[in-house]
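Asks:
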Amino acid sequence: MTDSADLPTGAAEIPNTAGAPRRSDDVRGGPAPGATPAPRRGRPVPGEPGWASVSTGSFASRVLGRFYFLGDFWYRFHYWGIRHRVMGLPINAIFVPFFFVFLRRICSAIASNLEPVLGPTSWWRGQRRAFRTMWQWASCRSSRYEYLQPGIPPPDLELDGIEHWNALTSRPEGFVIVTAHVGNYEAGGIIPNDLIRRRLHQVRNVEPDPRAQAFVEELLARHSPPEHVTHFVAEEDFPHVKMGVQLLKALRAGELVAMPGDRVTERGGVVETRLFGRPFFVPEGPFGIARTADVPLISIYLFNEGRRRFRLAFRPPIEIPRTADRIADRDAAARRYVADLEWAIRQRPHQWFCFRDAYSD
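So this is what it looks like as structure tokens:
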């Protein structure tokens, strides 16, 4: 029998059908109609550190529209430039200084996030760190678009820890791939399909700009192999019960599920962990669904090592215990994942693309 509290973020919110009234803070069924959800202990709320959403309702977004930094213009123009070979490396020199000047809150967040990793520094050196990170982000995005084009030579791909991946794929059951916004986190076209060898369900958040979302869907429909299925998660569609059931069935059928593990949302459940010794929230979804399906997890990181050179690092599998305390089981798995995330960030600090305050202290 499915334990609803272990389903992915949102799927645990099973409506109350017993007829009994719910409290406004009943985490089994979410807030009662018209009630304001009571935050869980230590939980981030909108506008505070640890909350991942980026609002598109700001004055700047309303004025700039599709030219806002989350608007579809930047997605389409970047892709167009790579597709027609008219931009290449110079795209970094065009866009990165522009965004570095105008996205001051993001630059400040990047500099602050890197202090526990690289140590305290002056304001000027912190801004230099932010610039390097934005440059790396643009390079990774260019690589993503480049390998969606035909005729591109295969990448120079180094496999680090492939024995961990082979150990899992040799087993009949499915498993959960916990992703993070580190390196080339959108790895389509770079990772060979024959390495996956199974049907893959990718869970990703809906883009804040509807036109950008339409572009992403168009891109995935055009370039994704048929055995890859993308499930888009929208905050306003919460709870995501139907999707949670689909993912459970997929795992039990021996298929793979990839879910982001480093971004929390306003309504989804969270697990409090520590990253570089500071409070850090992760979504409970990947760890809850793995425990419910009784399958392991693995975290994977694709680092950009230079022009068409990449390192694909597989971390040791995370086996979730099944004790009488399912919350403790889930939280232990989340802490293991965050330890892997910390390892990955230390490998390439400027390929950690967290553009908000990461810590929750």
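Take the sequence shown: its position 202, counted from the start at 1, is 202 in the numbering used here, and no numbers get skipped. Each residue gets a CB set at the ideal place from its N, CA and C atoms; glycine is no exception. Just so we're clear, the structure is a prediction, and the values are computed from it rather than from any experiment.
#1: Here's a check: name, in chain order, each residue in its chain whose Cβ is nearer than 8 Å to the Cβ of residue 343, leaving out the five neighbours to either side.
#2: Let's see if you can read the secondary structure: which residues bound the alpha helix (DSSP H) around residue 204?
#3: Shortest alpha-carbon distance to residue 350 belongs to which of 67, 91, 110 and 106?
#4: Tell me whether residue 352 is buried or exposed, calling it buried when 16 or more other Cβ atoms sit within 10 Å of its Cβ.
#5: So is residue 275 buried or exposed if we call it buried at 16+ other beta carbons inside 10 Å?
#6: Closest by CA to residue 257, which one among 213, 161 and 229?
#7: Just list the residues that DSSP pairs residue 283 with in beta bridges.
#8: So, are the CB atoms of residue 107 and residue 100 less than 8 Å apart?
#9: Of all the options 272, 255, 345 and 332, which has the alpha carbon lying nearest to the alpha carbon of residue 198?
#10: Could you compute how far the alpha carbon of residue 310 sits from the alpha carbon of residue 184?
#11: Pairs of beta-carbons, one from the stretch 145-153 and one from the stretch 288-300, closer than 8 Å: are there three or more?
#12: What whole-angstrom Cβ distance do residue 235 and residue 266 have, given they're in contact under 8 Å?
#13: Below 6 Å CB to CB, which residues in the same chain sit around residue 319 once its five sequence neighbours on both sides are set aside?
#14: What residue range is occupied by the uninterrupted alpha helix (DSSP H) comprising residue 173?
#15: Cα-Cα, which of 300, 330 and 327 is closest to residue 161?
#16: How do the stretch 329-348 and the stretch 280-290 stand: do at least 3 beta-carbon pairs fall below 8 Å, yes or no?
#17: Whose CA, out of 61, 317, 138 and 171, lies closest to the CA of residue 94?
#18: With three or more C-beta pairs closer than 8 Å as the rule, is the stretch 195-210 touching the stretch 67-80?
#19: With distances taken between CB atoms, is the gap from residue 338 to residue 259 smaller than 8 Å?
#20: Hey, how far is the Cα of residue 104 from the Cα of residue 281?
#21: Should residue 261 and residue 283 be called a contact, given that it needs their Cβ atoms to be closer than 8 Å?
#22: Taking just the CA atoms, how far does residue 181 sit from residue 362?
#23: When the distance is taken between beta carbons, is residue 358 closer than 8 Å to residue 113?
#24: Residue 125 by DSSP, collapsed to three states: which one?
#25: Whole angstroms is fine: what's the gap from residue 205's alpha carbon to residue 196's?
#26: Using CA atoms only, rank isn't needed, just tell me which of 223, 233 and 200 is closest to residue 252.
#27: Mind checking which residues open and close the alpha helix (DSSP H) that includes residue 108?
#28: Can you name the start and end residues of the beta strand (DSSP E) that residue 159 belongs to?
#29: Nearest-angstrom Cα distance between residue 23 and residue 348?
#30: Using 8 Å for Cβ pairs, my map puts residue 445 next to residue 191. What's the rounded Cβ distance?
Replies: The structure says:
#1: Result list for residue 343: 315, in chain order.
#2: That residue, residue 204, is in no alpha helix (DSSP H); its beta strand (DSSP E) goes 200-205.
#3: Nearest option by C-alpha distance: 110.
#4: Residue 352 is classed as buried because its beta carbon has at least 16 other beta carbons within 10 Å across all chains shown.
#5: With 16 or more other Cβ atoms within 10 Å, it is buried.
#6: That would be 229, whose Cα lies nearest to the Cα of residue 257.
#7: DSSP links residue 283 through a beta bridge to 270.
#8: Contact: yes.
#9: Selected option, being the one with the closest Cα: 255.
#10: About 9 Å.
#11: Taking one beta carbon from each stretch, the stretch 145-153 and the stretch 288-300 have fewer than 3 pairs nearer than 8 Å; the two do not touch.
#12: With a Cβ gap of about 6 Å, residue 235 and residue 266 count as contacting.
#13: Taking residue 319 as the centre and dropping the five residues before and after it, the same chain places the C-beta of 296 closer than 6 Å to its C-beta, in chain order.
#14: Where residue 173 is concerned, there is no enclosing alpha helix (DSSP H), given that its DSSP letter is neither H nor E.
#15: Cα-wise, what sits closest to residue 161 is 300.
#16: Yes, the stretch 329-348 touches the stretch 280-290.
#17: Residue 94 has its Cα closest to that of 138, out of 61, 317, 138 and 171.
#18: Judged by pairs of C-beta atoms under 8 Å, the stretch 67-80 touches the stretch 195-210, as three or more such pairs exist.
#19: Going by C-beta atoms, residue 338 is not nearer than 8 Å to residue 259.
#20: Straight-line Cα distance between these residues: approximately 24 Å.
#21: Contact flag set, yes.
#22: Absent from the model: residue 362. The displayed extent of the chain is 1 to 361, so no value can be given.
#23: Taking a C-beta distance under 8 Å as the contact criterion, residue 113 and residue 358 qualify as a contact pair.
#24: Note: residue 125 maps to helix in three-state DSSP.
#25: Distance between the alpha carbons of residue 205 and residue 196 is about 22 Å.
#26: Per the C-alpha coordinates, the member of 223, 233 and 200 positioned closest to residue 252 is 200.
#27: Its alpha helix (DSSP H) spans residues 104-118.
#28: If you look at residue 159, you'll find it in the beta strand (DSSP E) that goes 156-160.
#29: With a pLDDT of only 30 at residue 23, under 50, the local geometry of the prediction cannot be trusted, and no value is derived from it.
#30: Outside the modelled stretch of the chain, which goes from 1 to 361, sits residue 445, for which no answer is possible.
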